[in-house]
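A short worksheet on the structure shown next.
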Amino acid sequence: MITGQNYIGNTLSAQGNTTYKTFNPQLNEENTSVFTEATPEEIETAASLAAKAYLEYRNKTGEEKAVFLNAIADEIEALGDDLIKTYQAETGLPEGRAKGERGRTLGQLRTFANYVKEGSWVEASIDQAQPERQPMPRVDLRKMLVPIGPIVVFGASNFPLAYSTAGGDTAAALAAGCPVVVKSHPMHAGTGELVASAIVKAAEKTGMPNGVFSNINSSGIEVGQKLVTHPKIKGVGFTGSIKGGRAIYNLAATRPEPIPVFAEMGSINPVVLLPKALESNARDWAKTYAGSITLGTGQFCTNPGLLLGVKGEALTQFTNTLAEEIVKIEPSCMLHPNIAKAYTANKAKAIEQPQLNVVANYAEATKPNYAKSTVSKVKGSDFLENETLHEEVFGPFSLIVECEDTSELETVIDNLEGQLTGTIIANDVELSANTNIVLALQNRVGRIIFNGVPTGVEVCASMQHGGPYPASTDSRFTAVGVNSIKRWARPFSFQSWPKALLPDALKDDNPLNLLRAIDTVKTRAKI
Ligand code: NAP
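Residue numbers 27 to 553, in the numbering used here, belong to the letters of the sequence shown in order.
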């Protein structure tokens, strides 16, 4: 049952007076549950409990953390249909998407459980003492990753399960050994509370310290600001807008003790359409892209918002077919009236630009909060001159940039902001003949795709989800897959430390059977 309260550690609490409700965008009406925003005192208690829990939780073994993470997955699964129904009522998304996202969330938690149980993620490295070395002896040095401390996670509006309360950021932080305080997203506070109840149950059942997890309600930015500036918080995970992510990043940097903010923000995911591939297949690619642009009502961080091509018959055919196909796809509901309003306003701002031509616009009347898909077109030179056209329009919108030649295409790519993904549609011959374009694109993105679509993010170790700013605040890390754990850990060295007192990961006899670097050689051997 949804109570509308905060979880301050394991305790439900609602001491404040500010309340709010979530919204059902399909029915265009408020949901009934009333949520109470956390007070400064509740925030203080959550942060203090997290700091206290860290002292115990950071020492949990990989095995113990795995039991906790698997228990969270089991408890979320046990929420059954209540969770799916609440998710749908708060997002307008269909049942299939809700179940799919739940599956992904459970998969992430269980994958992290296996990962920390195996344990080699700590990157143990041992450089043994060389007392005889000349001209100076070498000391014994042993290094491994250790958790950084309590983390604040800002739930994402567009992934209420997989990138929110028990989503990728939370799973990675808990796996690393960091307690988590979630700043619940106000658009899906009920979904958030149900998942939080599962995490708290799992923590109690598996003997985790009170405060290893808290869930904080808020309907405005002040609560998040208080959490980010709290001295006991040591890192932040964020998914959302560039404006929000940048504000939080700046705030964290101005703290007396600055902390890392891993923000995954806007991306328009350029798709480069090389002429030969379009000449042989313009229609099929146009149909495929009509589907990708409108998938999930365009509310994916990997939505293809920018299609870059070279002027000519093939690009014209692609444009015309895309225009025909996209309006055949029935409009769908956006997550919230505010997201729908932002889509309309941002699209209008783009369309107002004098150089831009609309080539397709869904014309029929739609239900409230449903998005009309739009494709527009601009010349390469105009795109280069007008930065407004580089901005994300979050929703089923895409801009075709028609370049004079491949040289202008390369200039356009060079002038793009950082992106999560870049895609190249090409045949093998023109791919090899255009290495400059490939290299230019590689320089602007975190993941490059050949003859496919950017939507659909596989959760696995080789996935990179993060790119040069503003796609993310630190392109060296990923927000998806097991390597995302590295955001929440720091390297730590023991010098000449008594061997019996070393952590198991660094002991001579390698009791955890980890893959370690011993005098730079990777091995599971004992010393
Ligand atoms: P958002 O406005 O960036 O908000 C995300 C979270 O950050 C919310 O919990 C919000 O708190 C908090 N926040 C925002 N500004 C803040 C600030 N200055 N200080 C402290 N906290 C702050 O994103 P959203 O609500 O998810 O969606 C709004 C827009 O973001 C969308 O229309 C879209 O343009 C973009 N977006 C992009 C992606 C992507 O993957 N590219 C994903 C999601 C959203 P409150 O809600 O409590 O104010």
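Even for Gly, the Cβ is constructed at its ideal location relative to N, Cα and C.
1. State the Cα-Cα distance for the pair P363 and T196, rounded to the nearest angstrom.
2. Note down, one range per segment and in chain order, each alpha helix (DSSP H) of at least 4 residues found wholly within the segment 339 to 382.
3. Return the chain-ordered list of same chain residues with a C-beta closer than 8 Å to the C-beta of E110, the five sequence neighbours on each side being excluded.
4. On the three-pair Cβ rule with 8 Å, is the segment 368 to 381 touching the segment 331 to 338?
5. Once you ignore the five residues that flank P494 on each side, which residues in its own chain have a CB closer than 7 Å to its CB?
6. Under 7 Å: does the beta carbon of Q251 sit that close to some heavy atom of the ligand NAP?
7. Do you know offhand how far K380's Cα is from G482's?
8. The alpha helix (DSSP H) with Q114 in it runs from where to where?
9. Please go through the segment 429 to 498 and give each complete alpha helix (DSSP H) segment of 4 or more residues, from N-terminal end onward.
10. Does the beta-carbon of P212, which I'm using as the reference point, lie nearer than 7 Å to any heavy atom of the ligand NAP?
11. By Cβ distance, which residues of its chain are closer than 8 Å to A531, with the 5 residues on each side in sequence left out?
12. Where does K525 sit, in a helix, a strand or coil, going by DSSP?
13. Mind checking whether G292 and I268 have CB atoms under 8 Å apart?
14. Thinking C-beta only, is A224 closer than 8 Å to I102?
15. Does E228 come out as helix, strand or coil in the three-state DSSP assignment?
16. Apply the 10 Å Cβ neighbour rule to L361 and answer buried if 16 or more other Cβ atoms are within range, or exposed otherwise.
17. Are the beta-carbon atoms belonging to T58 and Q31 less than 8 Å from one another?
18. Three-state secondary structure (DSSP) at R84?
19. Can you name the start and end residues of the alpha helix (DSSP H) that T137 belongs to?
20. For the ligand NAP, any of its heavy atoms closer than 7 Å to the Cβ of F138?
21. By how many angstroms is the C-alpha of W311 removed from the C-alpha of I285?
22. Is the beta carbon of A155 sitting closer than 8 Å to the one on V179?
23. F180: beta carbon under 7 Å from a heavy atom of the ligand NAP?
24. So which of A229, E413, A349 and E351 has the shortest CA-CA distance to T37?
25. Beta strand (DSSP E) containing S402: first to last residue?
26. Quick check: the segment 88 to 96 against the segment 61 to 80, are at least 3 beta-carbon pairs closer than 8 Å?
27. Hey, which unbroken runs of the alpha helix (DSSP H) at 4 residues or more fall wholly within the segment 244 to 310?
28. Would you report the Cα separation of E434 and G406, rounded to the nearest angstrom?
29. Hey, is N184 close to the ligand NAP, as in C-beta under 7 Å from one of its heavy atoms?
30. Under 8 Å, do K143 and E89 count as touching if we go by C-beta distance?
31. If K302 and E430 are in contact, beta carbons under 8 Å, what's the gap, nearest whole angstrom?
32. Using a Cβ-based criterion (distance less than 7 Å to any ligand heavy atom), does A64 qualify as near the ligand NAP?
33. Go ahead and pull the three-state DSSP assignment for T32.
34. So, under 8 Å CB-CB, E290 and G421 are touching, yes? Tell me the CB distance rounded to an integer number of Å.
35. Run the CB neighbour count on E68, radius 10 Å, all protein chains shown included, and call it buried at 16 or more, exposed below.
36. Could you check where the beta strand (DSSP E) with A543 kicks off and where it finishes?
Walking through what the data contain:
1. Within the sequence shown, numbered from 1, the residue matching residue 363 stands at position 337. Within the sequence shown, numbered from 1, the residue matching residue 196 stands at position 170. Going from the Cα of P363 to the Cα of T196 covers about 27 Å.
2. 339 to 352 and 363 to 378
3. Counting from one through the sequence shown, the residue named residue 110 turns up at place 84. Glu is not the amino acid found at residue 110; the sequence shown has Ile there. The residues are E121, A124, K125 and R128.
4. no
5. What you label residue 494 is simply residue 468 of the sequence shown in a count that begins at 1. Around P494: G444, R470 and S501.
6. In the sequence shown, residue 251 corresponds to position 225, counting from 1. Q251 Cβ: within cutoff of the ligand NAP.
7. Taking the sequence shown and counting its residues from 1, one reaches residue 380 at position 354. Taking the sequence shown and counting its residues from 1, one reaches residue 482 at position 456. In the sequence as displayed, the identity of residue 380 is Pro instead of Lys. Approximately 34 Å, taken between the alpha carbons.
8. Mapped onto the sequence shown, residue 114 falls at position 88. Its alpha helix (DSSP H) spans residues G106 to T117.
9. 432 to 440, 454 to 459 and 461 to 468
10. Counting from 1 along the sequence shown, the entry for residue 212 is found at position 186. Result yes, Cβ under 7 Å from the ligand NAP.
11. Counting from one through the sequence shown, the residue named residue 531 turns up at place 505. Closer than 8 Å at the Cβ level, and outside the excluded window around A531, lie G145, V148, A150, M170, L538, L540 and R542.
12. Within the sequence shown, the letter at position 499 stands for residue 525. Residue state, collapsed to three classes: helix.
13. Within the sequence shown, the letter at position 266 stands for residue 292. Within the sequence shown, the letter at position 242 stands for residue 268. Yes, Cβ-Cβ distance for G292 and I268 is below 8 Å.
14. To locate residue 102, count along the sequence shown from 1; it is residue 76. To locate residue 224, count along the sequence shown from 1; it is residue 198. Result yes, Cβ atoms of I102 and A224 sit closer than 8 Å.
15. Position 202 of the sequence shown holds residue 228. Strictly speaking, residue 228 in this sequence is Ala, with Glu absent from that position. A228 falls in the helix class under three-state DSSP.
16. The residue you call residue 361 lines up with position 335 of the sequence shown. Looking at its Cβ environment, which holds 16 or more other Cβ atoms inside 10 Å, L361 is buried.
17. Here residue 58 refers to the residue found at position 32 when the sequence shown is read from its first residue. Here residue 31 refers to the residue found at position 5 when the sequence shown is read from its first residue. Taking 8 Å as the Cβ cut-off, T58 and Q31 do not qualify as a contacting pair.
18. Position 58 of the sequence shown, counting from 1, holds the residue named residue 84. Of the three classes helix, strand and coil, the one that applies to R84 here is coil, per DSSP.
19. The sequence position of residue 137 within the sequence shown is 111, counting from 1. Residues E121 to E144.
20. Position 112 of the sequence shown holds residue 138. No, the beta carbon of F138 sits no closer than 7 Å to any heavy atom of the ligand NAP.
21. One-based indexing of the sequence shown puts residue 285 at position 259. One-based indexing of the sequence shown puts residue 311 at position 285. Answer to the nearest angstrom: the Cα atoms are 44 Å apart.
22. Locating residue 155 in the sequence shown gives position 129, where the first residue counts as 1. Locating residue 179 in the sequence shown gives position 153, where the first residue counts as 1. Against a cut-off of 8 Å, the Cβ pair of V179 and A155 comes out as no contact.
23. Against the sequence shown, residue 180 aligns to sequence position 154. Checking every heavy atom of the ligand NAP against the Cβ of F180, one is found closer than 7 Å.
24. Position 11 of the sequence shown, counted from the first residue, corresponds to residue 37. Nearest of A229, E413, A349 and E351 to T37, Cα basis: A229.
25. Counting from 1 along the sequence shown, the entry for residue 402 is found at position 376. First-last of the beta strand (DSSP E) with S402: T400 to K405.
26. no
27. 247 to 255 and 268 to 279
28. For the purposes of this step, residue 434 is taken as the residue at position 408 of the sequence shown. For the purposes of this step, residue 406 is taken as the residue at position 380 of the sequence shown. Distance between the alpha carbons of E434 and G406 is about 7 Å.
29. For this step, residue 184 is matched to residue 158 along the sequence shown. It does: the Cβ of N184 is within 7 Å (strictly closer) of some heavy atom of the ligand NAP.
30. Within the sequence shown, numbered from 1, the residue matching residue 143 stands at position 117. Within the sequence shown, numbered from 1, the residue matching residue 89 stands at position 63. Yes, Cβ-Cβ distance for K143 and E89 is below 8 Å.
31. Residue 302 sits at position 276 when you count from the first residue of the sequence shown. Residue 430 sits at position 404 when you count from the first residue of the sequence shown. Going by Cβ atoms, the distance from K302 to E430 rounds to 17 Å, so no, they are not a contact pair.
32. By 1-based counting over the sequence shown, the position of residue 64 is 38. Every heavy atom of the ligand NAP is 7 Å or more from the Cβ of A64, so no.
33. Taking the first residue of the sequence shown as position 1, residue 32 is located at position 6. Residue 32 is actually Asn in this sequence, not Thr. Three-state result, N32: strand.
34. Counted from its first residue, the sequence shown places residue 290 at position 264. Counted from its first residue, the sequence shown places residue 421 at position 395. E290 to G421, Cβ: 18 Å. No contact.
35. For the purposes of this step, residue 68 is taken as the residue at position 42 of the sequence shown. E68 comes out buried.
36. Mapped onto the sequence shown, residue 543 falls at position 517. Residues R542 to I544.
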